[in-house]
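**Q**
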């Protein structure tokens with residue numbers, strides 16, 4: 001599972017114990033390690049053991065008696081509305097790192113609670129205590145847990161951890177991440193159909209009808225826009241094949257499908273031979289748990305006459321506002337030739353797709369280049385010149401093979417240019433940016 005969109009709400013330890021409430025303070029109390037002389041309180045010292053990613057250099061340390069500290073996270077103050085938590089019920093991932101300090105043994109303890117408005121627990125994660133025997137050769141250990149399907153009403157999260165031992169337990173790099181985009185990110189999965197372009201023969205497809213000389217795989221005579229090189233070819237008798245998509249197995253929960261009701265886009269490409277007429281048909285159904293149709297897309301058959309152009313054509317449709325209960329998608333397509341010729345002169349199909357995306361901005365606004373005129377195709381238009389040294393900025397043709405033909409060229413003096421992107425004008429609302437916090441990828445050549 002990708003939690004890259006999650007946001008950690010725990011105060012980190014750059015400021016000592018700031019942000020933490022001390023629940024129990026053992027004999028020698030909590031300290032933060034950084035340069036601690038034996039016997040000092042609230043001193044600090046760098047991690048004595050290398051942390052896995054080399055970025056965390058400090059930690060909290062307990063001593064002889066039990067030491068516990070906690071944070072209470074107010075989800076509304078963090079920007080997650082009641083409706084958002086109750087309807088989307090995003091996954092909540094917790095993580096904590098711990099290790100013993102010395103050869104004398106120690107204990108580690110963790111509790112995380114999802115609380116309602118009155119701070120009563122709705123769900124709790126409270127694993128067994130971790131006991132370390134004598135010996136100090138333990139590495140940093142991570143404990144993680146993901147809350148799922150916890151129901152409505154979650155308004156706070158309480159994170160409590162600590163431990164005890166002769167020289168205590170060390171904890172660091174704790175996190176609580178809300179993952180509102182977990183299912184939305186899955187919605188960028190490009191295609192729910194298996195083997196859409198005959199790259200694996202007929203694997204993944206159920207043959208419904210295989211008339212005439214049956215289905216076969218062929219090479220595309222003319223390239224399709226996606227540079228697909230193979231296709232499924234029908235014969236003189238009706239040929240139909242289908243796939244049944246189980247949305248739950250694909251990672252789309254019933255709650256997500258019923259409450260978000262994401263758009264479902266289907267696309268299919270078909271093409272005739274120039275020397276024989278053909279027919280093309282398609283039927284896509286949104287099905288309930290018992291596989292009864294809720295919505296159906298079934299346009300009239302497409303009849304292509306003799307000597308039709310061999311150009312590929314796309315058939316597409318978007319299901320919207322289809323109501324609750326959708327659990328499966330059944331995709332059926334095929335056709336035949338109209339001359340009843342032996343062999344495979346019927347319609348060809350390929351590059352089929354079923355794509356799910358949320359009905360809001362989180363799909364339509366992904367994978368867009370927000371920079372204007374990125375490859376000098378319009379000169380310097382759209383760019384603010386910051387520094388224009390030497391013989392100034394110019395645009396030129398690329399001398400080496402590259403996906404684009406033009407580029408910006410600097411001179412012997414410093415040349416700098418910039419663009420300022422207004423996210424709101426680009427269609428990204430404040431709510432979207434604050435709650436979903438999408439990845440922002442930059443690239444330059």
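Residue numbers (full-length UniProt numbering): 1 to 445.
Quick reminder that beta carbons are idealized off the backbone N, C-alpha and C, glycines included.
1) Where does residue 298 fall in DSSP's three states?
2) Applying the criterion that 16 or more other CB atoms from any shown protein chain within 10 Å of the CB defines a buried residue, is residue 284 buried or exposed?
3) Where does residue 426 land, buried or exposed, given buried means 16+ other C-beta within 10 angstroms?
4) Tell me residue 439's beta-bridge partners as DSSP assigns them.
5) Tell me the DSSP secondary structure of residue 260 in three-state form.
6) Nearest to residue 144 by alpha carbon, out of 121, 250, 227 and 109?
7) Enumerate in chain order the residues of its own chain whose CB-to-CB distance from residue 448 is below 8 Å, with the five nearest sequence positions on each side excluded.
8) Please identify the residue among 342, 315 and 386 whose C-alpha is closest to the C-alpha of residue 331.
9) Three or more C-beta pairs under 8 Å: does that hold for the region 233-248 against the region 333-349?
10) Can you list the beta strand (DSSP E) stretches of 3 or more residues lying completely in the region 278-354, in chain order?
11) Three or more C-beta pairs under 8 Å: does that hold for the region 315-330 against the region 277-294?
12) Would you kindly report the start and end of the unbroken beta strand (DSSP E) that includes residue 243?
13) Tell me which residues share the same chain as residue 395 and place their Cβ nearer than 8 Å to its Cβ, disregarding the 5 neighbours each side in the sequence.
14) Apart from the five residues on each side of it in sequence, which residues of its chain come closer than 8 Å, Cβ to Cβ, to residue 51?
15) Grouping DSSP H, G and I as helix and E and B as strand, with all else coil, what is residue 453?
16) What is the DSSP secondary structure of residue 219, counted as helix, strand or coil?
17) Quick check on this structure: which residue in 130, 419, 90 and 253 has the alpha carbon closest to the alpha carbon of residue 382?
**A** According to the data block:
1) For the purposes of this step, residue 298 is identified with residue 298 of the chain shown, where counting begins at 1. Coil.
2) The sequence position of residue 284 within the chain shown is 284, counting from 1. Buried is the call here.
3) In the chain shown, the residue the question calls residue 426 occupies position 426. Under this definition residue 426 is an exposed residue.
4) Counting from one through the chain shown, the residue named residue 439 turns up at place 439. In the DSSP output, where bridge partners are listed per residue, residue 439 has none listed.
5) Along the chain shown, one-based indexing puts residue 260 at 260. Residue state, collapsed to three classes: helix.
6) Within the chain shown, numbered from 1, the residue matching residue 144 stands at position 144. The candidate whose alpha carbon is nearest that of residue 144 is 109.
7) Residue 448 lies beyond the stretch modelled for the chain, which goes from 1 to 445, so this question has no answer here.
8) As a first step, residue 331 is located in the chain shown; it is residue number 331 there, counting from the start. Measuring from the Cα of residue 331, the nearest candidate turns out to be 315.
9) yes
10) 278-287, 293-297, 302-304, 313-319 and 328-337
11) yes
12) Position 243 of the chain shown, counted from the first residue, corresponds to residue 243. It spans 239-246 - the beta strand (DSSP E) in which residue 243 sits, taken as one unbroken run.
13) Residue mapping note: residue 395 aligns to position 395 of the chain shown, counting from 1. Correct list, in chain order: 376, 379, 380, 406, 407, 408 and 409.
14) Residue mapping note: residue 51 aligns to position 51 of the chain shown, counting from 1. Within the same chain, residue 51 has close Cβ partners 57, 97, 140, 172 and 173.
15) Lying before the first or after the last residue shown, residue 453 is absent from the chain, which here runs from 1 to 445.
16) The residue given as residue 219 occupies position 219 in the chain shown. DSSP places residue 219 in strand when its eight states are reduced to three.
17) In the chain shown, the residue the question calls residue 382 occupies position 382. When each option's Cα is compared against that of residue 382, the closest is 419.
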